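Peer 1: Structure below; questions to follow.
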Amino acid sequence: MSLPFSPLSKLYRPLPILQLYRHYISPSRPICVSFRPSPHLQASMAASQPMAVEAPTLAHPVDVASHAPHVNVSASSNGRPNSRTNGARKRYEESSSEDEKPLAKKARPVANGNGNTARGAAASDSDLSEDDQPLAKKKVNGRTSASKEIRDYSDDDDVSESASESESDEPLAKKKPAAKPRSSNAKAQAKKSAATSSSEDEKPLAKRAKAAPKKAVKKEYSSSEEDEKPLAKKAKASSSKVKEEKKPVVKKEKKVKEEEQEEQFKWWEQAEGDGTVKWTTLVHNAVLFPPPYVPLPKDVKMKYDGVPLTLPPESEEVAGFFGAMLGTDHVEDKVFQANFFRDFKAMLEQYPPKEGIKVTSLEKCDFRPMYEHFEREREKKKAMSKEEKKALKDAKDELERPYLYAEIDGRKEKAGNFRAEPPGLFRGRGEHPRKGTLKHRLRPEDIIINIGKDAPIPKPNIPGNWKGVQHDNTVTWLAHWKENVNNQAKYVFLSAGSAWKGQSDRAKFEKARELINHVDQIRKDYTVDLKSKITAERQRATALYFIDRLALRAGNEKGEDEADTVGCCSLRYEHVTLEPPNKVIFDFLGKDSMRFHQEVEVDAQVFKNIKIFKAEPKGKGDDLFDRLNTTGLNKYLNDQMKGLSAKVFRTYNASWTFQQQLKNTPKNGSVQEKIAAYNTANREVAILCNHQKTVSKGFAESFAKMADKVRALKYQRMKLRYQLFTLEPKMKKKRADLAETESDMDEEFMERHEEELLEKALEAAKKKFERDNVKLEESQEKKKPKSELDDRLKEIKAEFKALSKERKTKSVEPKKGATVEKLLEQITKMDERIAAAKVQMSDRDKTKDVALGTSKINYIDPRITVAWAKKYDVPLEKLFTKALREKFPWAEAEADEDWVF
DNA sequence: AGTTCGACTTAGCAGGCGTGCA
DNA sequence: TGCACGCCTGCTAAGTCGAACT
C-alpha cells in the first residue's frame, strides 16, 4: 500500500514508537457491552503469501566436527561449537522479491502433480549406483509407490540399487505424497469444519466428562496407594537419595532464613509421586477478565475518505486496535493489513458507522485521530503525580489480589498468567498468514476451569458463566480456552516458581544429566548408522548428528496456516547447501522465524549423505529427510534411553557446554571479571542454541559514540607521546613503538574532537562562573564582573588554538613536573584504558543480537550456576534475577560448590 | 498408521523501571 | 536532577511430544 496521497499514507511518516494501547485506560468509565464476533469472521483466511528465501550470505565457517559441544570446548572463543553469521540474521520479514520466489511450500503441490510421473519415469534404477547417487525417486507417488521406490545401500559407503531387497527399508509409512500437499490440507479442512460447527460450544463437557473424571478417579485411587508405599520408587533414584542424606547440615542454616521470609514448600525434600496425580485439592479464582471496552470521547473519530466516522463501540474498538499500532511495522505489512481489514469490515457490517458510509478501502481509512488520542492519554498518564499513579496501582493490585495465588493441597502457590488475554490484533511472527486477524474478547462462556471438587466455583469478574468446570487432577492447568485466530488452546498455569513447574524443570535437567551416561553409545550408534544400508536409518542418523552437534530442534510438520519455519526433521532441499569438500551451509527459518544461518564442516559421511538425500529427483520444496519424522526419531531415542527425545539434546548440550566454558573463569580475578567469564559462557550457549534478539534501535548510534570515546582516549595518548618526545627526543629511537601514530586518528576526527572539547570547556567555564556568583550572592558578597568570565573564555579559546598547532607540529610542551618516567607510565595506563574500552566495545558488538536470557531460563541447569557462584564466591543475585531465584530455589538448596552437571 | 489433540515448554518482543551518567 | 539506556518482566506466540482419535 503505497499511495503517497492517500490519507493512510500519512501513517507511514516515521512516528515515535508508541506504547501499545492498553485496555485499562480508565477503570472508572462506564461499562459498555462486549461484543461477540459473528461466526463468519472466523471463516476464510486470506491466501498465504509466497515466501522468498534469501540467498545465503555466508560468513564464519566453523568446523563443527571438531568443536561440537561434546568433542571439546576449548578455552578459546574459537572453541565455540558453532558460530553465527554476523549481521545477516533476523527474522525473515516480508521481502520484495517475494514474487520472484514462489513459496517453497506452495510450490510443492504443483511440483507434486507434475513431478510425480515425470520423476518416476525419469529416474531409472540405473541412474543410481554410486555413493553419491540419490535415493531413488523416493516418495514419488506417495503411498502407493513408496515401497517400490525404496533403495538400499548395498555396501558400507555406497548406495546402489537393490530395489527388490529390503522390506526393512520401508519409508515412513505415510510419507507425504511427492512434493506433498502436506497433511495440513486435511488438517485445515478438519479445523475449518470444526470451527463452523457451532454446536461445539453448547455441549462443551460431553467429551471431557467422559474422559477426565474417569482418569481422575483412577488416579485418585492410585495416589492413595502410592502414599502408603511412597519410598518404594525413591529407593531406585539412588543418586538423589545420596544427595538428600548429605544435605541436612547445609540446609539447617538455610531453612531458618527461608522460613523467615515465607514458608516455602520444599518439594525437593519430599518423596516424589508417580507424576500422574498432580493434586488432591485445588482452589483458585481462575482468570481475571480485562475491563470492558470504554468508548472514546465523542470528538475522537477515525476518518474515512476525510469524513469522521461515528462508530459503535464494537467497531470502534477494532479500529482502535489498528490505530494504536500506527508507526509499527505491522501496520505496513500487507498480510497484516489484509487480515485486519477483512475482520474490520465484517465488524462494520454488523456495527456500521452512524453516517451510513460503506467502508471498502483501507487506504481511505485514517486512524490518526485515534492514534493521537492514545498518545495524549499516554502523556497524561505519564504526567500524573506520584500519588495518582500509586492510587491507580493500588486499585489494580486490589483487583488482582484474589487471582495471585492458588491453593493446592493446602499450600499457597503463585499463579502465572491469570489475566484473560485482552482482545486485539494477532501479532504472528515472521510470515504468519493470519497476522492482523482480530483476536476476540473472551467471555466466561469461552473458558473452562479446572478446580477441586470441593472448591467453591469462582464467580467471573464480568457477567456470564464458565463454559465448563472440571476436576481433573492429572493436569496442572487452572483455566483453558481456545483462541479464535488459530484455534489453539491457551492455558492458565501456575508461575515458574511453583512446585509443579519446579518439579518438572528439575526432572528435565535430571533427564539431560542421564543422557551423559548414554550419549557415547548413542553417538557411536549414529556414526555407524550414517552408513546404514537402510535409507530411513541413514537419514535418522544424519538428523541425529545435526541435533546433537548443532542443537537443532526436532522440527515437527507444520500446516499451511502457519509461518513456514522448520526444524531438523522438516528441513527441505533448499535449506542446506553443500560446498565440497565437507562444508554444509544451513539457511532456514527456525522457531519464531529466526534465521539459522551457519556454515559447518561435517564428517565426510554426513556430507555424502546429504548429497544423497538431495539428489535428483528431489528439488526445491522436497523434504531433506523424506523417510524421517519426529515421531519416528523420538521413538528411536526413547528406545536408546527411557524418556529421551530430541529436545533433551539441546538441554544436555547447553548445560554441558556451559559447564565446560565456565572452566575459563579466572580464579583470582575480581568479581567483575568472574561475572564477565560467566556471561561469556552464557553467550556461547546462547549462540549454540541460536537465541537471538533484535538489535536495539539506538545501537548503531551508541556504538559510534563508544568508538568516539576510544578515539578520544587515543587522542589523549597521542598528546602524551608528543610531550614525551618534546621532553626527550631520544625516546623516539629508544621507543620506536611509541613513535607510531594511533590507529584511526585522522585529521577530521581530531578537528571535530578538539572543537567538541572546546565547546565543553567553554560551557563548563560559564557554568562555573554562574555557580560562583550564586554562591557569592548567597554569602552576600560582591558578584564577579562579567568581564572576568569573558577573559576566562578568551583564555580557553587561546589554549585550544594551541591544540591544533600541537597537532600539526607534533610537539607538545610538557606539563609542569613531567618526567620521562611519569609520561611513560601515563601512556601505559592509557594503553590499558584503550584496551579495556576496545574489549567492551567488541563485547557489546558481539552481544548485540544474542539473547542470553532464554538459555539461562530454559537450558542451563541452574545448579551449575549455584555451584559456580559458591566456588568462586560470587553473589548469586549478580547472576540470577529475582524471578530466576524464585524459579530455582531447589537448585540453591541442592548444589554445593562441588556439584557437577 | 496417520492425524489431531492436549498439555506443557520455549521464545522474542515491548513497555516499564531502575540506574548510572552528565 | 533529568534523561538515556539497558535490564527485567509480563505477555503471548510458537514450539515439542505423547496420547487419543479415526
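Take any residue in the first sequence, note its place counting from 1, add 646, and you have its number in our numbering. Think of the CB as a built atom: it goes at the ideal place given N, C-alpha and C, for glycine as much as any other residue. Bear in mind that the values here come from a model prediction, so they are computed numbers and not experimental data.
Report all residues from its chain with a CB closer than 7 Å to the CB of Ala-1209; omit the five preceding and five following residues, and keep chain order.
Peer 2: Gly-1074, Arg-1075, Gly-1076, Glu-1077, His-1078, Ser-1239
Peer 1: Cβ atoms of Ala-1142 and Glu-1059: under 8 Å apart, would you say?
Peer 2: no
Peer 1: Output the boundary residues of the beta strand (DSSP E) element that contains Tyr-1137.
Peer 2: 1135–1138
Peer 1: Evaluate Lys-1026 with the Cβ neighbour count: other Cβ atoms within 10 Å of its Cβ, from every protein chain shown; 16 or more gives buried, anything less gives exposed.
Peer 2: exposed
Peer 1: Across which residues does DSSP place Ala-1052 in a beta bridge pair?
Peer 2: Looking at the DSSP assignment, Ala-1052 forms a beta bridge with Glu-1059.
Peer 1: Exposed or buried, Gln-983, counting other C-beta atoms within 10 Å across all chains shown (16 or more means buried)?
Peer 2: By the neighbour-count rule (16 or more Cβ atoms within 10 Å), Gln-983 is buried.
Peer 1: Closest to Asp-1268 by CA distance: which of Val-1246, Leu-1283, Cys-1215 is it?
Peer 2: Cys-1215
Peer 1: Whose C-beta lies closer than 7 Å to the C-beta of Leu-1283 among residues of the same chain, with five residues either side of it excluded?
Peer 2: Leu-1290, Ser-1291, Ala-1292
Peer 1: In the DSSP assignment, what are the bridge partners of Lys-1039?
Peer 2: In the DSSP output, where bridge partners are listed per residue, Lys-1039 has none listed.
Peer 1: How should Ala-1323 be labelled, buried or exposed, when 16 other C-beta atoms within 10 angstroms of its C-beta is the threshold for buried?
Peer 2: buried
Peer 1: By how many angstroms is the C-alpha of Lys-1475 removed from the C-alpha of Ala-1481?
Peer 2: 10 Å
Peer 1: Considering only the alpha carbon of each residue, which of Ala-1513, Val-1458, Asn-1328, Ala-1448 lies closest to Thr-1493?
Peer 2: The residue from Ala-1513, Val-1458, Asn-1328, Ala-1448 with its alpha-carbon nearest to that of Thr-1493 is Asn-1328.
Peer 1: Got a sec? Which residues, its chain only, sit under 6 Å from Leu-1384 by beta carbon, not counting five neighbours each side?
Peer 2: Arg-1367
Peer 1: Within the same chain, show all residues whose beta-carbon is closer than 6 Å to that of Asp-1491, passing over the 5 residues directly before and after it, in chain order.
Peer 2: none
Peer 1: In this structure, does DSSP put His-930 in helix, strand or coil?
Peer 2: It is coil, neither helix nor strand.
Peer 1: What number of angstroms, rounded off, separates the C-alpha of Met-1487 from the C-alpha of Asp-1542?
Peer 2: Each residue's alpha carbon lies about 35 Å from the other.
Peer 1: Look at Lys-956 and Glu-1023 and say whether their C-beta atoms are less than 8 Å apart.
Peer 2: In the sequence on display, residue 956 carries Thr and not Lys. Contact: no.
Peer 1: Measure the C-alpha to C-alpha separation of Val-1121 and Leu-1045 and round it to an integer number of angstroms.
Peer 2: 27 Å
Peer 1: Expressed to the nearest angstrom, what Euclidean distance is found between the alpha-carbon atoms of Met-1391 and Tyr-1361?
Peer 2: 7 Å
Peer 1: In this structure, how does DSSP classify Lys-1229 when only helix, strand and coil are distinguished?
Peer 2: Note: Lys-1229 maps to strand in three-state DSSP.
Peer 1: Quick one: using the 10 Å Cβ neighbour count with 16 as the cut-off for buried, is Asn-1096 buried or exposed?
Peer 2: buried
Peer 1: By Cβ distance, which residues of its chain are closer than 7 Å to Ala-878, with the 5 residues on each side in sequence left out?
Peer 2: Unreliable placement is indicated for Ala-878, whose pLDDT of 30 sits below 50; no coordinate value is reported for it.
Peer 1: Decide if Gln-1167 is buried, meaning its Cβ has at least 16 other Cβ atoms within 10 Å, or exposed.
Peer 2: exposed
Peer 1: Do Ile-1506 and Ser-1301 have their C-beta atoms within less than 8 Å of each other?
Peer 2: yes
Peer 1: Considering Cα atoms alone, identify which of Thr-1297, Asp-1519, Asn-1336 is closest to Ala-1158.
Peer 2: Thr-1297
Peer 1: Counting along the chain, where does the beta strand (DSSP E) carrying Phe-1345 start and finish?
Peer 2: Unbroken run through Phe-1345 is the alpha helix (DSSP H), 1345–1373; no beta strand (DSSP E).
Peer 1: Alpha carbons only, please: which of Pro-1312, Gly-1315, Met-1287, Asn-1325 is nearest the one belonging to Thr-1303?
Peer 2: Comparing Cα positions, the closest option is Asn-1325.
Peer 1: Compute the Euclidean distance between the alpha carbons of Val-902 and Glu-1540, then round it to the nearest angstrom.
Peer 2: For Val-902, the predicted structure reports a pLDDT of 39, less than 50, and the residue's modelled location is therefore unreliable. A value from the coordinates is still provided. Answer to the nearest angstrom: the Cα atoms are 16 Å apart.
Peer 1: Going by the beta-carbon positions, is the gap between Asp-979 and Lys-1081 smaller than 8 Å?
Peer 2: yes
Peer 1: Given a threshold of 16 other Cβ atoms within 10 Å of its Cβ, counted over all protein chains shown, does Val-1485 qualify as buried or as exposed?
Peer 2: exposed
Peer 1: Starting from the N-terminal side, write out each stretch of the alpha helix (DSSP H) that is 4 residues or longer and does not extend beyond the segment 1213–1288.
Peer 2: 1250–1260, 1276–1286
Peer 1: Taking just the CA atoms, how far does Lys-1229 sit from Asn-1299?
Peer 2: Taking the Cα positions, Asn-1299 is about 22 Å away from Lys-1229.
Peer 1: Would Ala-1332 and Ser-1501 qualify as a contact pair, given that the criterion is a beta-carbon distance under 8 Å?
Peer 2: yes
Peer 1: I'd like to confirm the pairing. Which residues does DSSP put opposite Tyr-950 in its beta bridges?
Peer 2: The partner list for Tyr-950 (beta bridge, DSSP) reads Val-953, Cys-1011.
Peer 1: Identify the continuous beta strand (DSSP E) that holds Trp-1127 and give its terminal residues.
Peer 2: 1125–1128
Peer 1: What's the C-alpha gap between Asp-1233 and Cys-1335?
Peer 2: 15 Å
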